[in-house]
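In the numbering used here, the protein residues as written are 303 to 740.
Ideal Cβ placement from N, Cα and C applies to all residues, glycine included.
Bear in mind the structure is a predicted one, so any value in this text is a computation, not a measurement.
Here's the structure, in structure tokens; my notes come after.
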Amino acid sequence: MMPRLSAADAAALVGSRDRLVIPLGTGQPKTFLHALGERDDFRELRVFGGLLTDLFTVFTRPGVELLSGFFGPVERGLRAAGHCVAFVPADFRRFTRIAREFAPRVVATAGAPPDAEGHISLSLHAGATVEEIQAVSRDPDRLLVVETSPHLPRTFGLPPEHTHSVHVDQVDAWIESEMQPLALDEAPPNAAERAIAEHVCALVPESATLQTGIGAIPSQVAHRLAEGSGGSYGIHSEMFSTGLMELHLAGKVSNQKGLYDGVSITTFALGSRRLYDWLDAQEAVRFLPVALVNDPARIARNRNMVTINGALALDLAGQVVADTLGGAQYSGIGGHEDFVAGGGFEAGDISLVCLPSTAESAGEMHSRILAELPAGSIVTTPRHQLDVVVTEFGAARLAGLSGPARAAALAEIAHPRFRGELREAALGGRVAAAPSAR
């Protein structure tokens with residue numbers, strides 16, 4: 303083990319020509335990344351990661367390229383400013399392979415302070431970097447940087463195979479900091495989000511296994527279920543949120559789901575400071591690599607799996623656009639398709655794609671349900687994966703319906719202002735697929 307280093311000294315170990323892998327979001331070592339931004343000597347530093355949680359100056363430096371698997375506000379801002387940021391199209395579970403083939407010399411991650419035996423919990427993120435963390439720790443020619451902070455919770459995996467930790471003796475550069483993880487405080491839901499959550503909750507059976515994605519609608523669903531009369535839920539979710547914590551606190555989680563019984567399963571957590579405090583030493587929640595959590599076959603093995611994800615738009619054929627706006631990258635694919643597919647395999651499972659019926663642009667209302675996707679649209683999830691679509695006007699069950707019947711069902715949950723023209727399009731058969739990147 304290398305002695306504890308300052309962030310600046312650890313950053314100096316990165317070559318001017320090098321390859322670096324960092325985790326998604328809450329797994330990022332923020333002090334280390336800020337220290338990299340103090341350097342201006344990079345000639346070819348390539349970084350693979352996703353969902354930056356701060357504006358790190360290093361990604362504005364000449365000679366630095368960021369390959370991101372998931373855009374957030376920081377990536378969008380860097381791209382708009384003309385910096386070298388590119389999107390890597392892949393769902394989250396494929397990040398493991400991408401990180402391996404990227405062949406980084408350096409892997410940097412965040413963790414909780416080591417326990418009495420020297421084990422550093424990987425805290426809020428397992429994701430796709432666990433395999434590379436282990437590989438780098440075994441290779442003397444590669445560099446493992448770990449930043450620990452007392453503000454990061456100590457969380458657990460499922461040992462012995464998945465310890466969700468690294469020992470201090472495996473670390474090449476150990477930084478101790480006061481880094482605070484990104485905390486998201488939930489905004490109050492609007493009327494459309496509340497109505498969508500009501501429709502979703504009506505579809506969730508007793509003892510369902512739940513997955514909730516990021517955003518106001520999944521969060522509102524979790525809160526309503528916590529307040530409702532149902533219970534005995536299981537949790538198998540890519541992201542563990544504040545809403546899922548509320549389900550635990552309400553005594554609504556039994557986790558008798560047929561797979562990983564007794565514990566809630568996730569691969570990263572993102573939410574409020576209260577969530578992070580609750581997760582500290584919390585044995586009811588276990589973090590596993592994303593290749594396991596997001597495997598559609600494993601997802602389908604859960605009892606009465608209900609997956610809840612969002613979308614930006616879809617057409618009457620059922621093609622879903624969830625990560626681009628006007629053909630430009632807005633967010634990322636994440637686990638969207640994994641859970642849409644995995645939640646529709648078995649009898650009793652329900653895969654829900656939720657979206658408000660309209661969006662506003664330049665003061666004008668537009669329908670999110672379209673007769674056809676505009677040219678240049680990029681499809682996140684193909685039509686054959688779609689099970690149930692929910693707007694504030696109801697739920698359309700699409701699985702097993704013919705093309706025209708699906709189109710008619712989708713038209714009925716559109717905003718009344720656009721419903722007539724969509725009904726006409728459905729009757730006229732104008733539901734052909736627009737060109738896409740898939």
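Option nearest residue i by Cα separation, candidates the options
| i | options | result |
| --- | --- | --- |
| residue 448 | 502, 331, 387, 442 | 331 |
| residue 381 | 401, 403, 354, 567 | 354 |
| residue 720 | 671, 385, 344 | 671 |
| residue 510 | 502, 404, 516 | 502 |
| residue 403 | 384, 415, 349, 357 | 349 |
| residue 654 | 610, 680, 693, 677 | 610 |
| residue 588 | 423, 379, 322 | 423 |
| residue 376 | 633, 685, 472, 399 | 633 |
| residue 439 | 488, 344, 410, 566 | 410 |
| residue 542 | 564, 524, 532, 504 | 524 |
| residue 419 | 469, 450, 406 | 469 |
| residue 635 | 455, 373, 401 | 373 |
| residue 573 | 555, 548, 657, 564 | 548 |
| residue 405 | 508, 435, 383, 338 | 435 |
| residue 662 | 649, 717, 641 | 717 |
| residue 694 | 643, 494, 615 | 494 |
| residue 602 | 585, 631, 592, 642 | 642 |
| residue 401 | 631, 551, 371, 706 | 371 |
| residue 320 | 704, 396, 347, 692 | 347 |
| residue 318 | 306, 363, 657 | 363 |
Residue i in three-state terms, based on DSSP
| i | result |
| --- | --- |
| residue 686 | helix |
| residue 670 | coil |
| residue 458 | strand |
| residue 751 | A query on residue 751 cannot be resolved here, the shown segment of the chain reaching from 303 to 740 and no further. |
| residue 734 | With a pLDDT of 44 at residue 734, under the threshold of 50, the modelled position of that residue is not reliable, and no figure is offered here. |
| residue 680 | coil |
| residue 386 | coil |
| residue 411 | strand |
| residue 635 | coil |
| residue 312 | helix |
| residue 327 | helix |
| residue 355 | coil |
| residue 317 | coil |
| residue 437 | helix |
| residue 617 | strand |
| residue 592 | helix |
| residue 467 | strand |
| residue 663 | strand |
| residue 403 | helix |
| residue 367 | strand |
| residue 498 | helix |
| residue 579 | helix |
Expected contact under 8 angstroms - CB spacing of residue i and residue j to nearest Å
| i | j | result |
| --- | --- | --- |
| residue 701 | residue 711 | So it is not a contact: roughly 11 angstroms between Cβ atoms. |
| residue 460 | residue 590 | 6 angstroms |
| residue 479 | residue 583 | Actually they are not in contact, since the Cβ atoms of residue 479 and residue 583 sit about 21 angstroms apart, beyond 8 angstroms. |
| residue 499 | residue 519 | 6 angstroms |
| residue 312 | residue 475 | 4 angstroms |
| residue 682 | residue 669 | Not a contact, Cβ separation roughly 18 angstroms. |
| residue 627 | residue 673 | Residue 627 to residue 673, Cβ: 19 angstroms. No contact. |
| residue 393 | residue 639 | 5 angstroms |
| residue 386 | residue 366 | 7 angstroms |
One or two residues paired with residue i in a DSSP bridge
| i | result |
| --- | --- |
| residue 537 | 512 |
| residue 723 | None; residue 723 has no bridge partner. |
| residue 558 | Residue 558 is not bridged to any residue. |
| residue 428 | DSSP output for residue 428 lists no bridge partner at all. |
| residue 449 | 412, 477 |
| residue 611 | 655 |
| residue 567 | 538, 588 |
| residue 626 | 631 |
| residue 339 | For residue 339, which the question treats as bridged, DSSP gives no partner whatsoever. |
| residue 696 | 693 |
| residue 421 | 469 |
Exposure label - residue i; buried when at least 16 CB within 10 Å
| i | result |
| --- | --- |
| residue 351 | buried |
| residue 558 | exposed |
| residue 667 | exposed |
| residue 466 | buried |
| residue 443 | exposed |
| residue 733 | Bear in mind that the predicted position of residue 733 carries a pLDDT of just 48, short of 50, making it too unreliable to give a figure here. |
| residue 686 | exposed |
| residue 303 | Interpretation of residue 303 is limited by its pLDDT of 49, a score under 50 that renders its predicted location unreliable; the figure taken from the coordinates is listed afterwards. Residue 303 is exposed by the Cβ-count criterion. |
| residue 553 | exposed |
| residue 416 | buried |
| residue 452 | exposed |
| residue 728 | buried |
| residue 325 | buried |
| residue 620 | buried |
| residue 340 | exposed |
| residue 593 | buried |
| residue 540 | buried |
| residue 689 | buried |
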